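Asks:
4 protein chains.
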Amino acid sequence: MSVKARLRTIVNGTDTRAGRAFDWAIIVLICYAIATLTYETVPALSENARQFLWISEVVITALFTLEYGVRCYLAERKRDYLFSFYGIIDFVAVLPFYLALFLGTEVVVLRAFRAFRLLRIFQLLKLFRYTRASERLLSALSECKEEFILFFFMTLILLFISAAGIYYFEHPVQPAVFSSIPHSLWWAVVTLTTVGYGDVYPITLGGRIFTFIILLIGLGVVAAPAGLIASALSRIPETEDD
Amino acid sequence: MSVKARLRTIVNGTDTRAGRAFDWAIIVLICYAIATLTYETVPALSENARQFLWISEVVITALFTLEYGVRCYLAERKRDYLFSFYGIIDFVAVLPFYLALFLGTEVVVLRAFRAFRLLRIFQLLKLFRYTRASERLLSALSECKEEFILFFFMTLILLFISAAGIYYFEHPVQPAVFSSIPHSLWWAVVTLTTVGYGDVYPITLGGRIFTFIILLIGLGVVAAPAGLIASALSRIPETEDD
Amino acid sequence: MSVKARLRTIVNGTDTRAGRAFDWAIIVLICYAIATLTYETVPALSENARQFLWISEVVITALFTLEYGVRCYLAERKRDYLFSFYGIIDFVAVLPFYLALFLGTEVVVLRAFRAFRLLRIFQLLKLFRYTRASERLLSALSECKEEFILFFFMTLILLFISAAGIYYFEHPVQPAVFSSIPHSLWWAVVTLTTVGYGDVYPITLGGRIFTFIILLIGLGVVAAPAGLIASALSRIPETEDD
Amino acid sequence: MSVKARLRTIVNGTDTRAGRAFDWAIIVLICYAIATLTYETVPALSENARQFLWISEVVITALFTLEYGVRCYLAERKRDYLFSFYGIIDFVAVLPFYLALFLGTEVVVLRAFRAFRLLRIFQLLKLFRYTRASERLLSALSECKEEFILFFFMTLILLFISAAGIYYFEHPVQPAVFSSIPHSLWWAVVTLTTVGYGDVYPITLGGRIFTFIILLIGLGVVAAPAGLIASALSRIPETEDD
Chain A
1 MSVKARLRTI
11 VNGTDTRAGR
21 AFDWAIIVLI
31 CYAIATLTYE
41 TVPALSENAR
51 QFLWISEVVI
61 TALFTLEYGV
71 RCYLAERKRD
81 YLFSFYGIID
91 FVAVLPFYLA
101 LFLGTEVVVL
111 RAFRAFRLLR
121 IFQLLKLFRY
131 TRASERLLSA
141 LSECKEEFIL
151 FFFMTLILLF
161 ISAAGIYYFE
171 HPVQPAVFSS
181 IPHSLWWAVV
191 TLTTVGYGDV
201 YPITLGGRIF
211 TFIILLIGLG
221 VVAAPAGLIA
231 SALSRIPETE
241 DD
Chain B
243 MSVKARLRTI
253 VNGTDTRAGR
263 AFDWAIIVLI
273 CYAIATLTYE
283 TVPALSENAR
293 QFLWISEVVI
303 TALFTLEYGV
313 RCYLAERKRD
323 YLFSFYGIID
333 FVAVLPFYLA
343 LFLGTEVVVL
353 RAFRAFRLLR
363 IFQLLKLFRY
373 TRASERLLSA
383 LSECKEEFIL
393 FFFMTLILLF
403 ISAAGIYYFE
413 HPVQPAVFSS
423 IPHSLWWAVV
433 TLTTVGYGDV
443 YPITLGGRIF
453 TFIILLIGLG
463 VVAAPAGLIA
473 SALSRIPETE
483 DD
Chain C
485 MSVKARLRTI
495 VNGTDTRAGR
505 AFDWAIIVLI
515 CYAIATLTYE
525 TVPALSENAR
535 QFLWISEVVI
545 TALFTLEYGV
555 RCYLAERKRD
565 YLFSFYGIID
575 FVAVLPFYLA
585 LFLGTEVVVL
595 RAFRAFRLLR
605 IFQLLKLFRY
615 TRASERLLSA
625 LSECKEEFIL
635 FFFMTLILLF
645 ISAAGIYYFE
655 HPVQPAVFSS
665 IPHSLWWAVV
675 TLTTVGYGDV
685 YPITLGGRIF
695 TFIILLIGLG
705 VVAAPAGLIA
715 SALSRIPETE
725 DD
Chain D
727 MSVKARLRTI
737 VNGTDTRAGR
747 AFDWAIIVLI
757 CYAIATLTYE
767 TVPALSENAR
777 QFLWISEVVI
787 TALFTLEYGV
797 RCYLAERKRD
807 YLFSFYGIID
817 FVAVLPFYLA
827 LFLGTEVVVL
837 RAFRAFRLLR
847 IFQLLKLFRY
857 TRASERLLSA
867 LSECKEEFIL
877 FFFMTLILLF
887 ISAAGIYYFE
897 HPVQPAVFSS
907 IPHSLWWAVV
917 TLTTVGYGDV
927 YPITLGGRIF
937 TFIILLIGLG
947 VVAAPAGLIA
957 SALSRIPETE
967 DD
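Right, dumping it as structure tokens:
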């Protein structure tokens, strides 16, 4: 067995102990990368903490770059990997560091640099690659794909009707809060998802009756997809037992 | 094949490529009409934007009028189409523009004109006409129609009991907020749907215990229809596979 | 057929046209009684409105008393009806009026009179008597009775753990808001039902992490009964088709 | 039958009348202990109330200690009971009282003493031991254990993405509210669970659109576990009937 074949067993497979250990190491590394990214945004960090974060950053990027290189080397068709979904994610995960390094962002483009950093959120998607359980969810989701699309469009339509209706009722009384239909859409989102922050709410009788009617219809539309996922998932284990 | 028959295949059918293209063109046109209607309510628009909206308005109305005419022409019994649900919607969608045009509303009846405009929301219902996926939802809904009516009445009864109860507990302490049972109904709607804006809430011990009991019962009543839709929908694909 | 037997067919049965008409008449009367009760609490009513409400009150009570008498007369065992669930409700529905009349509450015991009035909410329970659809819901509920009791106790335990935990975290920082465990229970109710008025919320790091953990566990516990009702109801129609 | 064997039937079994009575007595005692613990936190208690609570405390601890001793005596392998889940709970339930007694906490370590007291919340877990209905729920939960773990990780990932995203959009405008990603996590928790206290909410257009997208995806992820419990539970009774 050549070195390349052995490496393939470790990096791509989950059958051997080494293969599983590699997958878990990558998951731990991603979690650590996310933890440092989160910690970095805390205001007024000490000099020591910043230095520690910088070293972490270098080590994480080095390891991710190494992984990217190995995956490239192991891929039978390099182009297929490079332009695959995960190939792009792996690339995007290391890009911000090198961009920040070569463009010298420490002083001038600091804010833009931060925005690039947030691209690293895509590293989280890697987690899905390393867990088999997600495959079952994906098949459950694909089973009721059409219903999701239908409910998505119904949600959009309902949001617009809600926004237009509440604008009609509340705009004359609260012109600052419900200043236009696009602004009223925020109220529609917050209300139909039942989040209800309380920053915008109707005060007229018409607006309140309208809210009641919209909620009666809307709760079913917005909450149904969660029920669909649950019932699709609860059917899949049964068929897998066969 | 006559011109009328060919037109019928395009306008009413979805089997040919031209038929599907026509349907999608109408959907795009409705979405565009909604987008301009939304944009129009933004306060302090520039002169250019207004002119652009006016031209859009004319073009949209012209196309909708054309579609209305063609559908009229193609219908075997003109009266059936004119007084059908979609016939009325198609008519109402173009009505506000002509009303505004012929009654000269630019200065005097501006506000009423806006109210007429909102009738165009009904255009959204057209979207349902142009998607087949909605048929499955409709059959799922009709399957558990009785349950919906039952839960609807239970919701109304529960809302009234909630409003009367909270009025009894909170009126003596918060006479301005819970001024009457009709006013307390707003609290009942916001609480039982779990929106919870925070504009009205009980502060007495009795009112809070009452809220807890009502929520224990009410969450099931208000949330159950969403579960019913989900389970009805998840049963339908199975029967369609046969 | 005797008068008594014919009356029984009308009052107790739903097979004849007259029986259904009687049931619907009672439902309309109850709805009207509720509407007047609601309207009565509106502050600053005109003299005309009050007079109208008073006449309505007399007519409603007369009709309900008549119904109560007829039911008494028709019952085979008078005692069984008088002490049955609906017998008590029928009695309680007419009681407040006579109490108010004979005790002369117009001036002195006005407030207590209002409290008596709210007893009329029990009239709403009559609605369940007059709808057959509710039987199916009752059988669905009785099917998963044990689960409801289990979830009810789990909700109570979870509420107490939430209240005690948040009291521990938030009391030192917000002593006025989270003054004791009983007060913290209000926060627990509002949070676990996801109503979230915003009158009480944690501000410490510990309290917020605790809230997150409690919500992760609690959402399933509080929302599950709604799902149970839905799935129990969606199974019943199938068995009835046999 | 020896005394030890008879005691075992009462303490561990639920088949005899005495066994069930013992279980119910323990449940009542736990509920009473919780009630006194709750009452104790009410500020400004009278001297009588405090004395009553102190006596209750002594009696409860004595009875729990007795139960702990009996269980120890009855266990075939003492070590197995002492280090079992419920053995530890039984020990922890009586510990705070003795710690408070022997360390003399009345004046100095009063606050720490209170913290110890809250450990008694674990007594609530005993309730699960004394109800058989919970066994069915546990089997339902274990049936969809993998899905719960998957949704738990998806919730964590979604919370982080939400927090990072909203930080990016809202930090420049509301630097005090969305000061860092860890702070933004609180917003993510409150929003995705649809609690929506209203203490933190986005005000920028980008943040609001981001909230809408995150909610569309997140409602399904956060609400699905409740549906899973419901459908797993509704399947179990059927299989038990066989």
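Taken in order, these protein sequences are the chains called A, B, C and D. Positions 1 to 242 (my numbering) are the ones given, in order, by the first sequence. Positions 243 to 484 (my numbering) are the ones given, in order, by the second sequence. Positions 485 to 726 (my numbering) are the ones given, in order, by the third sequence. Positions 727 to 968 (my numbering) are the ones given, in order, by the fourth sequence. Heads up, the beta-carbon is just placed ideally off N, CA and C, and yes, glycines get one too. A quick note: this is a predicted structure, and the numbers were derived from the prediction, not measured.
(1) Would you please state the rounded distance, in angstroms, between the beta carbons of L676(C) and G704(C)? I believe it to be under 8 Å.
(2) For the region 161 to 184 of chain A, which residues have a beta carbon sitting closer than 9 Å to at least one beta carbon of chain B?
(3) Does the beta carbon of S84(A) sit closer than 8 Å to a beta carbon anywhere in chain B?
(4) Give the straight-line distance between the Cα atoms of I30(A) and Y201(A), rounded to the nearest whole angstrom.
(5) Quick one, which of F874(D), L885(D), I935(D) has its alpha-carbon nearest L159(A)'s?
(6) Just the Cα atoms here: how many angstroms apart are L625(C) and I633(C)?
(7) By DSSP, does G571(C) sit in helix, in strand, or in coil?
(8) Can you give me, in chain order, the residues of the region 686 to 710 of chain C that have a beta carbon less than 8 Å from any beta carbon in chain B?
(9) From the DSSP output, in three-state form, read off I892(D) for me.
(10) How would you list, in chain order, the residues of chain D whose beta-carbon sits under 8 Å from the beta-carbon of S231(A)?
(11) Less than 8 Å between the C-beta atoms of G207(A) and F169(A), yes or no?
(12) Mind checking if L137(A) is an interface residue toward chain D, Cβ cutoff 8 Å exclusive?
(13) What residue does the alpha helix (DSSP H) around P424(B) start on, and which one ends it?
(14) Have a look at W538(C), P656(C), L699(C) and flag the residue whose alpha-carbon is nearest the alpha-carbon of S646(C).
(15) Counting only beta-carbon atoms, is S540(C) nearer than 8 Å to chain B?
(16) Can you confirm whether the region 907 to 917 of chain D touches the region 36 to 44 of chain A when touching is taken to mean that 3 or more C-beta pairs between the two stretches lie within less than 8 Å?
(17) Using a Cβ-Cβ cut-off of less than 9 Å, give me the residues of the region 747 to 778 of chain D that come near chain C, in sequence order.
(18) Near V728(C), what residues of its chain come up, given a Cβ to Cβ distance below 7 Å and the 5 sequence neighbours on each side ignored?
(19) Is I718(D) near W913(D), with beta carbons less than 8 Å apart?
(20) Going by C-alpha to C-alpha distance, which of A62(A), W54(A), Y73(A), V42(A) sits closest to V3(A)?
(21) Beta-carbon within less than 6 Å of H413(B)'s beta-carbon, same chain only, minus the 5 sequence neighbours each way: which residues are those?
(22) Which bits of chain A does G680(C) rub up against, with CB to CB less than 7 Å?
(23) Decide if T500(C) is buried, meaning its Cβ has at least 16 other Cβ atoms within 10 Å, or exposed.
(24) Could you tell me the distance, in whole angstroms, from the CA atom of I455(B) to the CA atom of L954(D)?
(25) Going along chain D, which residues have a C-beta under 8 Å from V189(A)?
(26) Please return the same chain residues whose Cβ sits closer than 8 Å to the Cβ of F506(C), not counting the five positions on each side in sequence.
(27) If you run the structure through DSSP and keep just helix, strand and coil, what is F886(D)?
(28) Would the beta-carbon of A474(B) fall within 8 Å of that of C386(B)?
(29) For F153(A), which three-state DSSP category applies?
(30) According to the neighbour-count rule (16 or more other Cβ atoms, all chains shown, within 10 Å of its Cβ), is V916(D) buried or exposed?
(31) Classify F344(B): buried if its beta carbon has 16 or more other beta carbons within 10 angstroms, exposed otherwise.
(32) Mapping DSSP to helix, strand and coil, what is V536(C)?
(33) Assign R313(B) to one of two classes, buried (16 or more other C-beta atoms within 10 Å of its C-beta) or exposed (fewer than that).
(34) Any beta carbon of chain A sitting closer than 8 Å to that of S244(B)?
(35) Among E289(B), P285(B), T303(B), whose alpha-carbon lies nearest the alpha-carbon of F333(B)?
Replies: With the given structure in hand:
(1) Contact flag wrong, Cβ pair sits at about 11 Å.
(2) I161, A163, A164, G165, Y167, Y168, H171, P172, P175, S179, S180, I181, P182, H183, S184
(3) no
(4) 41 Å
(5) I935(D)
(6) 11 Å
(7) helix
(8) V706, A707, P709, A710
(9) helix
(10) G953, S957
(11) yes
(12) yes
(13) 423 to 434
(14) L699(C)
(15) no
(16) yes
(17) I760, L763, T764, Y765, E766, T767, V768, P769
(18) Residue numbering for chain C in the displayed model covers 485 to 726; residue 728(C) lies beyond these limits and cannot be assessed.
(19) Examination of residue 718(D) is not possible in this model, given that chain D is present from 727 through 968 alone.
(20) Y73(A)
(21) F420
(22) G196
(23) exposed
(24) 25 Å
(25) R934, T937, F938, L941
(26) I494, V495
(27) helix
(28) yes
(29) helix
(30) buried
(31) exposed
(32) Per the sequence presented here, residue 536(C) reads as Phe, with Val not at that position. Note: F536(C) maps to helix in three-state DSSP.
(33) buried
(34) no
(35) T303(B)
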